[in-house]
Amino acid sequence: IQDALERLPGFRSVRVLEFRPQKDLERGLVVLVLYSITLEVDGSSGVNNATLDFISLQNNLVEKNYPGAAEQPTVVYTITDFRNYITEALHKDGFLGNSSQEASQTGTESLAFL
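In terms of the working numbering, the sequence shown is residues -6 to 107.
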C-alpha cells in the first residue's frame, strides 16, 4: 500500500492499525485491514471536497452492499479501485509528469481507511 501511496501529493505515511480474518457470506474467509494514511494538506483548507465526497460515496456504496455485516467498514477498496483512484488524483493534481513541486506552509491531517 505504501508504494502506491507514496506518489500522492502530500503523502506522509501509512500505518496498519489492525488486521484479522473475517467471514464473508459471498467470498468466504477474507482479511479485514484497518489502516490510517497521513496526508499533508494546506492548513487553511484541509482535505479537498472532492476527496471527502469520494470517501462518503464509497462509504454509502459499502453500506448498501453489506447491510447485514456486524461491523460496517468506513471504506472498502479493491486494489484496482484504489489504483484507479490514486491515478485519477495524481492526474487531477498535475502530479504525474511534473517532478517539481513548490514547498508551501502546510498542516497535517490523517484519514483512516478500512
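Even glycine gets a Cβ: it sits at the ideal position worked out from N, Cα and C.
Here the structure is a predicted model, which is why all the values come from computation and not from measurement.
With a 10 Å radius around the Cβ and a threshold of 16 neighbouring Cβ atoms, L22 comes out exposed. Following the DSSP letters along the chain, one finds R13 inside the beta strand (DSSP E) bounded by residues F4 to D17. R8 and L27 have their alpha carbons spaced roughly 9 Å apart. Residue pairing by DSSP places L83 opposite no residue, since no beta bridge is assigned to it. Between the alpha carbons of E11 and R5 lies a gap of roughly 19 Å.
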